[in-house]
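Colleague: Top line first, the protein sequences correspond to chains A, B, C and D.
Take the first sequence: its letter number 129 is residue 129 in my numbering, and every next letter is one higher.
Counting from 1 along the second sequence, just add 345 to a position and that's the residue number in my numbering.
Counting from 1 along the third sequence, just add 690 to a position and that's the residue number in my numbering.
Counting from 1 along the fourth sequence, just add 1035 to a position and that's the residue number in my numbering.
Backbone N, C-alpha and C fix where the C-beta goes; we use that ideal spot for every residue, glycine too.
4 protein chains.
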Amino acid sequence: MIRVGVIGATGYAGAELVRILHGHPETELTILTSRQYAGIPINRVYPSFNGILDTVCEEFSMDAVCEKADLIFTALPHKIPMEIVPDLLAKGKRVVDFSADFRFKNAIVYEAHYQPHTSAYLLEKAVYGLSEIYTDEIKTAGVVGNAGCYPTSVMLPLIPLLKAGIIDEKTIICDSKSGVSGAGRSPNLSSLYCEAAESFKAYKVAAHRHNPEINEILSMQAGKAVSVTFVPHLVPMSRGMLTTTYGSLAKPVDSDEIRECIASFYKGRSFVRLCPDNQMPNTLHVRGSNYCDIGFTLDKLNNRLILISVIDNLVKGAAGQAVQNMNIMNGLDETTGLEFVPYPI
Amino acid sequence: MIRVGVIGATGYAGAELVRILHGHPETELTILTSRQYAGIPINRVYPSFNGILDTVCEEFSMDAVCEKADLIFTALPHKIPMEIVPDLLAKGKRVVDFSADFRFKNAIVYEAHYQPHTSAYLLEKAVYGLSEIYTDEIKTAGVVGNAGCYPTSVMLPLIPLLKAGIIDEKTIICDSKSGVSGAGRSPNLSSLYCEAAESFKAYKVAAHRHNPEINEILSMQAGKAVSVTFVPHLVPMSRGMLTTTYGSLAKPVDSDEIRECIASFYKGRSFVRLCPDNQMPNTLHVRGSNYCDIGFTLDKLNNRLILISVIDNLVKGAAGQAVQNMNIMNGLDETTGLEFVPYPI
Amino acid sequence: MIRVGVIGATGYAGAELVRILHGHPETELTILTSRQYAGIPINRVYPSFNGILDTVCEEFSMDAVCEKADLIFTALPHKIPMEIVPDLLAKGKRVVDFSADFRFKNAIVYEAHYQPHTSAYLLEKAVYGLSEIYTDEIKTAGVVGNAGCYPTSVMLPLIPLLKAGIIDEKTIICDSKSGVSGAGRSPNLSSLYCEAAESFKAYKVAAHRHNPEINEILSMQAGKAVSVTFVPHLVPMSRGMLTTTYGSLAKPVDSDEIRECIASFYKGRSFVRLCPDNQMPNTLHVRGSNYCDIGFTLDKLNNRLILISVIDNLVKGAAGQAVQNMNIMNGLDETTGLEFVPYPI
Amino acid sequence: MIRVGVIGATGYAGAELVRILHGHPETELTILTSRQYAGIPINRVYPSFNGILDTVCEEFSMDAVCEKADLIFTALPHKIPMEIVPDLLAKGKRVVDFSADFRFKNAIVYEAHYQPHTSAYLLEKAVYGLSEIYTDEIKTAGVVGNAGCYPTSVMLPLIPLLKAGIIDEKTIICDSKSGVSGAGRSPNLSSLYCEAAESFKAYKVAAHRHNPEINEILSMQAGKAVSVTFVPHLVPMSRGMLTTTYGSLAKPVDSDEIRECIASFYKGRSFVRLCPDNQMPNTLHVRGSNYCDIGFTLDKLNNRLILISVIDNLVKGAAGQAVQNMNIMNGLDETTGLEFVPYPI
């Protein structure tokens, strides 16, 4: 049994992580921390856990965490992880971090979009936590920078096609749509029910911090500079994320070749599902699960490929992928504890 | 392993049942039938099942069902079950039926609200499938008439208090609220998104067919005639049901006694959760799970008890309770395969 | 033209009031105040108003308000109005107040549920702003305590029946359901989209501050003590409120007599619509309008009357009724500026 | 007063049209037809109209319509209008048609995406009902082919920029999102609440029939062939449509020039609102109104312009624009009867 701790257990991603870890057959959930709810049992914060889990949330203490856990999930806003992860690593712990602090190789890019990085020396060794892509590196990683939700939905369908030279990297446009839970649990005006319901809008247009994250990883994967246009939108639903990606074909291919390219790339990987010919992805079909469903259409008239991918932003986009990474780090089957069947509705 | 079949696998309750049975450690799901989708794999009807289950739905055939399954779930509209269940029983099968056909002891009451009953002779032996109440009878039942969703939410909190003589049975009013999935998957005007969203309404006021079901069972449990006023409402959400029940106190009791009455009655039963003092039930806290959460308040000024109960109408109100009944019928722990942790959101 | 000012223009009720007053043919909207958005044009706070209204919100100033407006709407949390209304009245202004501060005749009841009342001497002259009931008193009122949203939905159907002695006042139970906008625009956890969506719950069970308001007014109307059991619930929708009221019949009446009782009571009053025989009220049918739709059913088996009423909580439950009261105060037709046709969907 | 009739009054667009025409100061609504609800008053079909309008819907009859109305709105599925409009015109009536039947100049394109056109000779004279673009032609039109909802949202922001040569016509991608009401009132599986809620999906990817409509009109406006990639998506909300359009800059311009280009093009046109600098369009801000809000961002890194436009699909995307066209046809101010202030929430 892996002794695991969750730092920041009461945000939406943290709570979803607690839900998943509670049912994981190879982990023992030994410590939950929360600044806001220290001293309060997790089931008073989320009554869903009544009768299931009543661990009392604690203030974060390095000593307590290190004593009780060997693998630590840090589900915190950026900036805090860079301050505590070095100590965790120094004490021999392994870490999966949910923030952006360990996602970038290039500290300058990070600092241009976040703030000065106080542990930049760790970036070289940190592994980007996009499970299907960096599997080998994750196995031995000390700290994994869990991939962002938007980047996960954007990159899983794109990477095989970029690597195969099928899509023209200068033409990529990613139009993403996210449920409201992506904004977290902190009360703010635009997350209110009455502001979000019957409302659809774009936000941080071509200015979202996941854009440089996408560009850096795609460039590394493609072996050349990739800069995508990225526009996120807010959907009146709790969970779910869909990205529609557009790109011109770099060479003449038909639908079968595209299908084969993606299918063979993800062969043996359970969580990427390529939709059958007459279906298209729908956030409802992956809700509550760790799947990423991918579909595509060729717009032959305009020589463009249209890729559509969906994930549950709190699962494959956060807590689920974090556990998948933990599984890989520990030599478990990557699906262990993650075999949630999405509800039919 | 129990060989199980689902007759009517493609309605919402049927599909939810398939989801649950797929993950059940003691069952083998051997046959799915569907009139509308015969010949089509279940994952083409519900793409959530892609990569998980691709059983082809068949037209119902008595021979095929009896050959492949030993326990049969009939998730069909009323009237059809009464026609096929006798044959299933005759062939030594056991049945959990989702319709009203085997819920009533009194055929006259059934016929007053449904239609002539062609298997009325089975009603005496049929067991009402409210798992926590008829546990012993369910163990050996041939056919279980799975409790209706509204009746489940209404009766679980009421029965202990009626039995204890705490609530005046002549004063009971049940104001119920259900998500839209209760109306099923057949397209009809009032289930359309644009008709249901931003809409709240009562329907079948004091005229719903679950009312006589409630009255019959409560009368048997209380040992005297009970007739409740029952008003269902439609809530703009997919899943979930909440019932607010009002009744005058039949004798002076305080909150502790009420709490103790309910708590002791359900001691050892995992799926009934009594809310702690400062919490009240919320459909979100049981969504996707088999829990029934119960809370209450004493309106001392008016000498009334207010009971609040929530369930997921597709789980404890349908497919989950059906599997719970199957577990009981087979000597398994009633929670087997049903330990879903409700999502934090 | 009536010169009107809105104190507290940027909450949901205030903004709805601005929307209505902007289109009112007999008013000139001369001043908007907002503590939070002072210095900001109303259309930057609510971009719906772009191209329509760009009045800059001001900090509240007694002098500025009194100079610019003759009728003042105070859409503020309770406690503040009791501090400023006396001065407004002293300067010869008339006031429609949205808070509870001027709704009670009995200061002791107010103080038991709110806080000490610093202008209790005004309560005797203040008029309760339930337009259809206190029409004559409103005509000459100095300050109108606009009726609460729940009380409006509860009392409009009940008052005719109580006055006619049809309903037993000792048996009244009001089960109310409100959209999320009733909680206002201040960010708080339970108003977040992810907390409210797919969620239905009761709150402040038999402990809501609208309960004593209802009891006081109903007692005055009935001419004897009335104490109702009142339970509010939260519905996942933005606007709308439905109340289901239960009461035993005090004398034998049939449906026609009940219909006649309500219809004749509200004869000539445009905003109370009695549903035809085969329809029941639905919040969608009054959304955005000042209507209160009423339906009913006799539960003959249990000798109970079930009343169902719906309003838009921000219109008839707040801003619309406030304008209706203003119309009455100024000798206008009560429907002036309020003839919104609810959207078909 | 213009005597107007609505053929197909009980679909969502038809009913919205009835709502608008009822309040229009210059029209008299003389006849409503409905195949499904013939003989039934409109307020029994849409109880929102109770107390407001109780016109009985009739079966369509050419004689009755021509006797009672001078301007006829045909809110019908395509194919039926092409059969009845010739007769209406022959009798001297003017028509605003909601279907695709009179939107195309090129019958071959129409026939490739719909069916054989039986009144193709009318296409040359028919005017495309995009009010702000074809204003002059609409003034004298006999039949106006009211612009589609998606095309309206796509083209209003694009046309000024295409005409100014600012955007490269070979690079245009339109990612559109629509509320569920766009699918109409006919019950079908994908419009059910439980299928649409918590669901976001693309549909008819690069295969929607509004794509050739967009291409034809844009080509005419740009004076050269324009072929856009168009992908519609379904949003879990009733009303509202947002289109995100991407295109490479054809020449170096800055934000001010883009703003000026759009602003000057729509100078004096009330229903196009260009968002201020720090705001972006939101469907909630136009809900229930005839506005089209436009915002934009320059993605300088990639030399792309991102245009965002929102409309209410039932108003500016259907009934509202139809009335705007009627106003123009009759020499009225285009805003007559359409000055709805969108609700703050």
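Are the beta-carbon atoms of Ser-945 of chain C and Leu-988 of chain C separated by less than 7 Å?
Modeller: yes
Colleague: Beta carbons nearer than 8 Å to chain C: which residues of the stretch 551 to 573 of chain B have them?
Modeller: Ala-551, Ala-552, Ser-572 and Val-573
Colleague: Would you say Asn-302 of chain A lies against chain D (beta-carbon separation less than 7 Å)?
Modeller: It does: the Cβ of Asn-302 of chain A has a partner Cβ on chain D nearer than 7 Å.
Colleague: Which term fits Leu-249 of chain A, buried or exposed, when burial requires 16 or more other beta carbons within 10 angstroms of its beta carbon?
Modeller: Under this definition Leu-249 of chain A is a buried residue.
Colleague: Does the stretch 450 to 467 of chain B come close enough to the stretch 491 to 499 of chain B that 3 or more CB-CB pairs lie under 8 Å?
Modeller: no
Colleague: If you scan the stretch 3 to 27 of chain A from start to end, which runs of the alpha helix (DSSP H) of 4 or more residues do you find wholly inside it?
Modeller: 12 to 22
Colleague: When the Cα atoms are used, what is the spatial distance from Ser-880 of chain C to Ile-653 of chain B?
Modeller: 19 Å
Colleague: Quick one: Cα of Pro-116 of chain A to Cα of Glu-1251 of chain D, how far?
Modeller: Distance between the alpha carbons of Pro-116 of chain A and Glu-1251 of chain D: 52 Å.
Colleague: Between the Cα of Arg-364 of chain B and those of B:Asn-675, B:Asn-395, B:Arg-604 and B:His-578, spot the shortest distance and give me the residue it belongs to.
Modeller: B:Asn-395
Colleague: Less than 7 Å between the beta carbons of Cys-194 of chain A and Phe-230 of chain A, yes or no?
Modeller: no
Colleague: Can you give me the Cβ contacts of Ala-263 of chain A inside the same chain, cut-off strictly under 8 Å, excluding the 5 residues immediately before and after it?
Modeller: Leu-274
Colleague: Which whole-angstrom value describes the C-beta separation of Pro-1271 of chain D and Gly-1323 of chain D, a residue pair presumed to lie in contact below a C-beta threshold of 8 Å?
Modeller: Between Pro-1271 of chain D and Gly-1323 of chain D, the beta carbon gap of about 18 Å keeps them out of contact (Cβ cut-off 8 Å).
Colleague: Identify the contact partners of Gln-1359 of chain D in chain C, using a Cβ-Cβ distance below 9 Å as the criterion.
Modeller: Ordered by position in chain C, no residue passes the 9 Å Cβ test against Gln-1359 of chain D, which lies about 15 Å from the chain.
Colleague: Going by beta carbon distance, what residues of the same chain come within less than 7 Å of Met-772 of chain C, once the five residues before and after it are set aside?
Modeller: Asp-791, His-807, Thr-808 and Ser-809
Colleague: If we count the other Cβ atoms within 10 Å of its Cβ and call it buried at 16 or more, is Leu-1193 of chain D buried or exposed?
Modeller: buried
Colleague: Quick one: is Ala-547 of chain B buried, meaning 16 or more other Cβ sit within 10 Å of its Cβ, or exposed?
Modeller: With 16 or more Cβ atoms within 10 Å of its Cβ, Ala-547 of chain B is classed as buried.
Colleague: Excluding sequence positions up to five away, which residues of its chain have a Cβ less than 7 Å from the Cβ of Lys-224 of chain A?
Modeller: Glu-169
Colleague: Using DSSP with H/G/I as helix, E/B as strand and the rest coil, what is Arg-649 of chain B?
Modeller: strand
Colleague: Closer than 7 Å by beta-carbon distance: list the chain A residues that pair up with Val-870 of chain C, in chain order.
Modeller: Tyr-193 and Cys-194
Colleague: As an exercise, report each continuous beta strand (DSSP E) stretch of at least 3 residues that is fully enclosed by the stretch 1252 to 1329 of chain D, in chain order.
Modeller: Listed in chain order, they are 1264 to 1269, 1276 to 1283 and 1307 to 1309.
Colleague: Any Cβ of chain A within less than 7 Å of the Cβ of Ser-393 of chain B?
Modeller: yes
Colleague: Give me the chain B residues within the contact set of Leu-1224 of chain D, using Cβ-Cβ distance strictly less than 7 Å, ordered along the chain.
Modeller: Pro-532
Colleague: Could you check whether the Cβ of Ile-258 of chain A sits closer than 7 Å to any Cβ belonging to chain B?
Modeller: So no, Ile-258 of chain A is outside the interface.
Colleague: What is the DSSP secondary structure of Asp-791 of chain C, reduced to helix, strand or coil?
Modeller: coil
Colleague: Do Pro-1222 of chain D and Asn-672 of chain B have their C-beta atoms within less than 7 Å of each other?
Modeller: no
Colleague: So Arg-614 of chain B contacts chain A; which residues on that side make the cut at Cβ distance below 8 Å?
Modeller: Within 8 Å Cβ-Cβ: nothing; Arg-614 of chain B doesn't reach chain A, min ~11 Å.
Colleague: Where Ala-9 of chain A and Pro-689 of chain B are concerned, what is the direct C-alpha to C-alpha distance, given to the nearest angstrom?
Modeller: C-alpha separation (whole angstroms): 11 Å.
Colleague: Should Ser-928 of chain C be flagged as near chain D, meaning a C-beta pair shorter than 7 Å?
Modeller: yes
Colleague: Pull the bridge partners of Glu-1093 of chain D from the DSSP assignment, please.
Modeller: D:Thr-1068
Colleague: Exposed or buried, what is Ser-379 of chain B when buried is set at 16 or more other beta-carbons lying within 10 Å of its beta-carbon?
Modeller: buried
Colleague: Confirm, please, whether the CB-CB distance from Glu-716 of chain C to Ile-692 of chain C is below 7 Å.
Modeller: yes
Colleague: Suppose the cutoff is 6 Å on Cβ atoms and the five residues either side in sequence are ignored; what does the same chain contact list for Ala-509 of chain B look like?
Modeller: Correct list, in chain order: Cys-606.
Colleague: Taking just the CA atoms, how far does Gly-39 of chain A sit from Glu-59 of chain A?
Modeller: 8 Å
Colleague: With Cys-292 of chain A and Phe-271 of chain A assumed to form a contact (beta carbons below 8 Å), what rounded beta-carbon distance in angstroms separates them?
Modeller: 6 Å
Colleague: At the level of alpha carbons, what is the spacing between Phe-200 of chain A and Lys-316 of chain A?
Modeller: Rounded to whole angstroms, Phe-200 of chain A and Lys-316 of chain A show a C-alpha spacing of 23 Å.
Colleague: Check whether chain D comes within 7 Å of Gly-741 of chain C, counting only Cβ atoms and requiring the distance to be less than that.
Modeller: yes
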